[in-house]
Structures are given as C-alpha cells and as structure tokens.
Amino acid sequence: MNAPVTPDIDVRTVREDEFTDWIKAVQLGFLRPPVVSEQYARDLRAVSDLGRVRGAFDGGRCVATFRSFAQELTTVGGAALPVSGVSAVTVSPTHRRRGLLTRMMAAELAAAKERGEVASTLIAAEYPIYGRYGYGPAAWSAEWEIDVARAGLDPRRSGPACGGRIDLVAPAEAAKIGSELFERFRPTQPGAVGRDRRWWDLATGAARLDGPWTEPFFAVYRTAAGEPAGLVAYRADEQWSDAKLPENTATVKQLTALTPQAERALWHYLCSIDWIRRVRTGLRAPDDLLPLHLPNPRAARIVTHSDFLWLRLLDVPAALEARSYAAEGSLVLAVEDAAGLAAGRFLLEADGTGARCTPTTRTPELTLNIGELGALYLGDESAGRLLALGRVQEEEAGAAARADALLHTARRPWCPDMF
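Numbering (my numbering), first residue to last: -14 to 404.
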C-alpha cells in the first residue's frame, strides 16, 4: 500500500540560506549528531548544485533530504555513461510514511531524464526501499579478512617475486599517482564511477570532513621498469595480547591495481608487515582474485557479502547501445515501468561491432520490470535466475537463456566507491 501524501509539507529544492539546516537534517537521518561546522558546510556547498538538492519542509524545518550529482558510470566494454548519482537520502523519524521520499524521488528521476542522464545510481542503506522506484541491485561487494599466519607466504621473502618493488609515498604523491592509475583502471571495471579532485583530497587528508582524521599509509607498486601499476592505502590499529604478542590488523581503505601481478604484490606486501596478524581488505569485487593470490586461499574468509550499487535505467535504448555483448544475437524486450519513464518494447540486436536498440512492435520474447533490467544491465544477475524466481516472464521459450548469452559477463561488475 502506498504511503499517504501530506500536501502541506513543502517538497522542493533547497535555498542558499537553508543549506546548513539541510545538512543537519541529513546528519539526523543517518543517526549522527546534528552538528555542522562552518567549514564542512562551505566544503559541501562548493560541490553541491542547489538545483539538485531537495528537501521536505514542515513549518520551516527540514524533515527529509535528497541530493543528486552528475556522475560517470563504466558500463560493460568500457564506455562511460552519464548518470545521476543519488546520495544523502533521509526522512526524519518524525515524518516517516508520509510519501516524502516518493515525492523527492519522482522529481529527481523526471529531472534526470530531462537532463539526458541515461540512468540513476545509488548505494542502498536498506534493501527493500528502492525497488519500488525502479532500481535494481546491479553490482555486489565483498570484504575478506586474511589470517596472515595461515596464508602460506614465505616469511623470508623481501619483495615482489615479479621483479617490481613497493614504495611508501606521501599523501600528495599518492593523490597524483592514484588518480592517474584510477583513470586507467576505471574503463576496465564495469560498475566503477568517476572520482573527482575532491575525492582524492578527502582520501589523502588535503580536505577534511567533520570528525577525526587518521592519515593512512600509502604504498605504490612499481613494475621492474619503474612504472606505477598499483596503489594501496591502509591503516593499522595497535593491539597486543596479554603475553605481549602483537595482534594488529591492517585495514585497507582503497586498493587499485592495473594488473594481477600488481594486485598480488600489494596483498603480499600487506601480509608481510611486521606485527600485522590480520588484513581486512575493505570492500572488493565479489569475485575478487584475492583468495587465489594466497598459497592457502582458506586464510581469507569473507566477512561481508552484500548488494552495493543499485541502478535505475531512464533511457533503455541509449543504455543498451552503450555496452558491449558477449555474443551475437537479438532479443525483443517488453519493459514495464510503473513511473512511465522508460517503459516500452525494444528490439536489441548485438554483434561484434556494437549494438542497436530500437522501439518495435514485434511480439515480445522476454517481459521484465525496469528494476530487473537494471539488475541485468552490468552483467551480474542472470535472467535464468530471475525466471526461476518469477521476476521475468518468457514469452518465447529460451528467451532467458538468450538474454544471459548476450548480457552476462565473465567477471562480475564492481563499484569501488561509496557515495
């Protein structure tokens, strides 16, 4: 049942003089102290387009928040899609179930389509919320914890076996090398989103959010020729047992590698640091190579495995034509969209030169909701699985298998960044 709409609550874009109060409402919604420093408000305002910052106001008080921003999403094959990233979505606990999120979401999706953004993305704090707005879980994430003593690595090793080396670098150098590496890495990773200068400033301490800051260690992997090919940022705690034995954990904040060799060298480096007994990997792709980089893969146990990036398509032909396909073939899709933004019947034709997706009157072969198409789009979900669950409908026998032959990918998509 839809929540009742409360018309006397004003849902609109936020004015300049309301921005700090809007941030306090965001803090409240995320159960953080509703206190905002002037510096933080200035920093966030500098990167926020007020035309994309929405709030719900009850008697002058901000009781719900919503923000979007221009984003680039890597699709299968490496193309960068213009999409709308959604963040800072909250409803105050005093104003739940009044349709406020529905009103803000409807305004944003209509505006995003008008701006020509192909899709909308978000990181869902709770699973059940966003499917009703046409989003589907398009990329998952996992985190491992490595028991260093059980990893099976040779304690006598002194550097990467591939002839490269590891260098510790200062934050400014890490930002320069890291941004260059990431721009080379991003086209190879479906699900990755762009990082701007502010991202690197926050990651290296050049800019600060409210709250304490602990500077990470930054380590660069260089090939035998001296070229940077990987970067890891990590922090370490300080834990000792009662028997005066070190029990420290290294926690990875980010790790970018251009090659499996660079990735292996960085993981082995982290497992070789004196006093480190465990390595927490941070969020990685769900099919990450990490366990197999260790002589004993069982030393890496999964501690988190969950949906992460959600995708809501707004322009089906543009999205389907932008990505590459694993096989040649065609498929007629009947796409349902309760919001009326992307519904239609489309003929997808793919071959080695690319894809064409056009409206058609041909008989549909596969019927699905726009959210299910979002889950399939980056190649992670299986149409066969959705068919078994009753979430897609075959109008022609074998259509789900043909959809998987076209859409599914050998490696799973992954979004390295929270936003």
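Note that CB positions come from ideal geometry on N, CA and C, so glycine has one too.
On a predicted model such as this, the values are computed, not experimentally measured, just so you know.
Item: Completely contained alpha helix (DSSP H) runs for the segment 210 to 258, where each covers 4 or more residues; Value: 245 to 257
Item: Contact set for Y219: own chain, Cβ-Cβ below 7 Å, skip 5 residues either direction; Value: P201, F202, A235, T236, V237, K238 and L255
Item: 8 Å Cβ cutoff met for E102 and S72; Value: no
Item: Beta-carbon proximity of A307 to L94, cut-off 8 Å; Value: no
Item: Sufficient close CB pairs (3 or more, under 8 Å) joining the segment 339 to 356 to the segment 281 to 292; Value: no
Item: For A319: DSSP bridge partner residues; Value: R330 and T352
Item: Segments of 3+ residues assigned as beta strand (DSSP E) that fall wholly inside the segment 96 to 179; Value: 104 to 108, 121 to 132 and 150 to 154
Item: Outcome for R52 when other beta-carbon atoms lying within 10 angstroms are tallied against a minimum of 16; Value: buried
Item: Buried versus exposed call for A247 [16 or more other C-beta atoms within 10 Å across all chains shown]; Value: buried
Item: Counted within 10 angstroms of its Cβ, other Cβ atoms place D(-5) as buried (16 or more) or exposed; Value: exposed
Item: Pair within 8 Å by beta-carbon distance, D389 and G375; Value: no
Item: Separation of G149 from A210, as counted between CA atoms; Value: 8 Å
Item: Presumed contact (8 Å Cβ cut-off) between V32 and A41, rounded CB distance; Value: Not a contact, Cβ separation roughly 22 Å.
Item: Nearest-angstrom beta carbon gap, D300 and A124 [assumed within contact, 8 Å]; Value: A124 to D300, Cβ: 20 Å. No contact.
Item: Pairwise C-alpha distance: S126 and L392; Value: 20 Å
Item: Own chain residues within Cβ distance below 7 Å of M403, not counting five before or after; Value: I108
Item: Alpha-carbon to alpha-carbon, G137 and G144; Value: 16 Å
Item: Best match in D181, A159, L316 and L85 for proximity to L216 [C-alpha to C-alpha]; Value: A159
Item: Backbone secondary structure at H393 - three-state DSSP; Value: coil
Item: Beta-carbon contacts of R186 that lie in its chain and below 7 Å, excluding the five residues immediately before and after; Value: In the sequence on display, residue 186 carries Asp and not Arg. Closer than 7 Å at the Cβ level, and outside the excluded window around D186, lie A192.
Item: Distance between L58 and D2 (C-alpha atoms, nearest Å); Value: 32 Å
Item: Where the alpha helix (DSSP H) through I8 begins and ends; Value: F4 to G14
Item: Ranges of the beta strand (DSSP E) found wholly within the segment 41 to 82, counting only runs of at least 3; Value: 46 to 59 and 65 to 76
Item: Nonlocal neighbours in the same chain, by C-beta distance under 6 Å from A319, ignoring five residues either side; Value: R330, P349 and T352
Item: Where E23 sits in the DSSP three-state scheme; Value: helix
Item: Beta carbon of I261 nearer than 8 Å to that of W129; Value: no
Item: Cβ-Cβ distance between V264 and V154 below 8 Å; Value: no
Item: Start and end residues, beta strand (DSSP E) containing R344; Value: Contrary to the premise, residue 344 reads as Pro rather than Arg in this sequence. That run of the beta strand (DSSP E) goes G339 to P344.
Item: Rounded separation between A96 and G84 - CA only; Value: 19 Å
Item: Under the three-state DSSP convention, the category D272 falls into; Value: coil
Item: Distance between T343 and N233 (C-alpha atoms, nearest Å); Value: 57 Å
Item: R297 beta carbon less than 8 Å from that of G14; Value: no
Item: Identified DSSP bridge partners for S367; Value: The partner list for S367 (beta bridge, DSSP) is empty, contrary to what the question assumes.
Item: Boundaries (first-last residue) of the alpha helix (DSSP H) holding E306; Value: V301 to A307
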